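The C-terminal residue of the sequence shown carries number 192 in my numbering, and the numbering is unbroken. Using N, Cα and C, we set each Cβ at its ideal position, and we do this for glycine too. Please read all numbers here as calculations on a predicted model, not as lab measurements. Worksheet for the structure shown next.
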Amino acid sequence: LLDLTSLDDYVEPEIFGDNETLNQTLDTMNRYLNTVVTYEFGEDTEILDGRMIHEWIEYDGDPDSEPILNDDMIYDYVKSLANTYDTYGRNRSFTTTNGVSMTLPSGPYGWKISKDEEAEALKELIIEGAQETREPIYSAEAACRGVDDIGNSYVEIDLSSQHLYLYLEGEIVLESDFVSGDVLTGNA
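As structure tokens, this is what we get:
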């Protein structure tokens, strides 16, 4: 019979399971991984949890160091949300009262996530181990969510027929002829 416990060839571990620093590090990482942030974008949701967050944790294995979150990866995640859900500056399809379909340039209008602010807020939520549903921090907001984010209250101006329509909650509440002037003579 061979007694392996009597051999002196075993390497003794330097850190044991009751090491306070190691357990604090483990608690910190578990808190990060227990984070669940559900982003709401109207009818759509995005859930961020430990399945993705584990890729953002950096730890060098030194029991005296703290795990850190990779700021670039957090920012890239927020940037991907913005690429998917931002409508700011994007063209919109619009059908006029007379049934004409057109593409309208957006200009400075639409939903726009403030990527720097949201990345910082998200990092704090992960550090806290938060479990919450939220909308991201926006630098610009539209009237409503969805493909037609202009909403159903607006003014439609038809320059070719010099006519305008005022919509309130999807209903025409005012319709009128108008004179916009003559652009060619500088009297627009």
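Whole angstroms is fine: what's the gap from residue i's alpha carbon to residue j's?
i	j	result
Gly111	Ala192	21 angstroms
Asp75	Ala123	8 angstroms
Glu128	Ile72	12 angstroms
Glu44	Thr107	27 angstroms
Ala86	Ile78	13 angstroms
Asp80	Pro17	39 angstroms
Asp53	Glu136	11 angstroms
Within 10 angstroms of its Cβ, does residue i collect 16 or more other Cβ (buried), or is it exposed?
i	result
Val104	exposed
Ala147	exposed
Gly185	exposed
Pro140	buried
Val82	buried
Tyr14	exposed
Ile57	buried
Kindly indicate which residue of the options has the alpha-carbon position closest to the one of residue i.
i	options	result
Tyr169	Ile19, Thr100, Gly21	Thr100
Leu26	Ala86, Ser97, Gly65	Gly65
Thr39	Leu178, Ile61, Glu47, Ala86	Ile61
Tyr36	Tyr43, Tyr63, Asp152, Asn23	Tyr63
Thr91	Ser69, Arg149, Gln166	Arg149
Specify the secondary structure class of residue i as computed by DSSP and reduced to three states.
i	result
Thr49	strand
Asp153	coil
Thr42	strand
Ile19	coil
Could you spell out the range, first to last residue, of the beta strand (DSSP E) harbouring residue i?
i	result
Ile176	175-181
Val159	158-162
Ser184	It is not in any beta strand (DSSP E) - Ser184 carries neither H nor E in the DSSP assignment.
Kindly say whether residue i, judged by its beta-carbon, lies nearer than 8 angstroms to any beta-carbon of chain D.
i	result
Asn23	Looking for chain D here will not work: only one protein chain is present.
Any heavy atom of the ligand SAH inside 7 angstroms of the beta-carbon of residue i?
i	result
Asn23	Absence of the ligand SAH from the depicted structure is noted, as is the absence of any ligand whatsoever, leaving it without description.
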